[in-house]
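Report on the following structure.
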Amino acid sequence: MHDRSRLSRDLHALGLTAGDTVMVHASVRAVGEIAGGPDEIHLAIKDVITSTGTLMMYASCPQYVDEVGRGNLSPAREAELLEKLPAFDPQTSRSARDNGARVELLRTWPGSRVNPHVVRFVAWGRHAEDLFVLQPWDYAFGRGSALERFLELDGKLLLLGCDHTPSPFFTTPSTSRTSRASACRATRCPSSRTERACGGGSRRSTRVTAARTRTGPTASSRGSSTRI
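So the sequence shown is numbered by the numbering used here: it starts at 1 and just counts up by one.
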């Protein structure tokens, strides 16, 4: 069984430090049993980055809220949704179920902020307000978005028990230009024997790659990432 202090030590070993801006994708199941429940994951991250850092996750919106008008549904289905679906409230509407329980735990925690958009992020910490100061409506992942400001803050990606697949960061125009973000990943997480790696945050990197771990005394990542 893990506890908050052990999670904090392992997160620090992965490369997180005080003052970091970090976007997290995590599998609660992959972490394993935690004394106090899964809230201890985001609390442990906060312990490491402190109030001078910023924690960010992708929340999105409940099912069907962003589907009307996209051509994916029949006219009858769209009409039914328009009649029955509750109005989207960025402050109270649940996160997308596909994004996992840990996002909703952070969203509902005191002090968390969200941006007023169905493409919704949740953030806590020093730069939470700055991340959401502007919200582009033509393309919510593009220029002027929270993702672009995340890059400007030299943000880190923390992948716990998952790969980069769920992250909107890897599939958006804001990451097609020169990227300064680095990536940390734990494949078995967290424990004192977790294989670990952290990206190096090179300003000349043309892409972001999640660190790929392996058995043995070291774990390296591809691209411009460094080895720790």
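For glycine and all other residues, C-beta sits at the position ideal for the given N, C-alpha and C. Given the structure is predicted, the values throughout are model-derived calculations rather than measurements.
Practice task
Whole angstroms is fine: what's the gap from residue 12's alpha carbon to residue 48's?
Solution key: One C-alpha to the other measures close to 7 Å.
Practice task
Could you tell me which of 147, 158, 103 and 128 sits nearest to residue 136, measuring between CA atoms?
Solution key: Of the candidates 147, 158, 103 and 128, the one whose C-alpha sits nearest the C-alpha of residue 136 is 147.
Handout entry: Cα-Cα separation between residue 156 and residue 127, rounded to whole angstroms
Key = Straight through space, the alpha carbons of residue 127 and residue 156 are spaced by roughly 14 Å.
Practice task
Provide the residue(s) that pair with residue 58 in DSSP beta bridges, ordered along the chain.
Solution key: Bridge partners of residue 58: 121.
Exercise for the section: Check whether the stretch 11-29 touches the stretch 89-109, taking contact to mean three or more Cβ pairs, one atom from each stretch, closer than 8 Å. Expected result: Three or more pairs of CB atoms, one per stretch, sit closer than 8 Å, so the stretch 11-29 contacts the stretch 89-109.
Exercise for the section: Using 10 angstroms around the beta-carbon of residue 143, count the other beta-carbons present and answer buried if the total reaches 16, otherwise exposed. Expected result: It counts as exposed.
Exercise for the section: Within the stretch 36-97, note down every full beta strand (DSSP E) run reaching 3 residues or more, in order along the chain. Expected result: Restricting attention to beta strand (DSSP E) runs no shorter than 3 residues, the stretch 36-97 encloses them at 54-58, ordered along the chain.
Exercise for the section: Locate the alpha helix (DSSP H) running through residue 146, then write down its first and last residues. Expected result: Unbroken alpha helix (DSSP H) run through residue 146: 146-152.
Problem - Of the listed residues 66, 120, 74 and 23, nearest to residue 53 (C-alpha basis) - result: For the residues 66, 120, 74 and 23, the minimum Cα distance to residue 53 belongs to 23.
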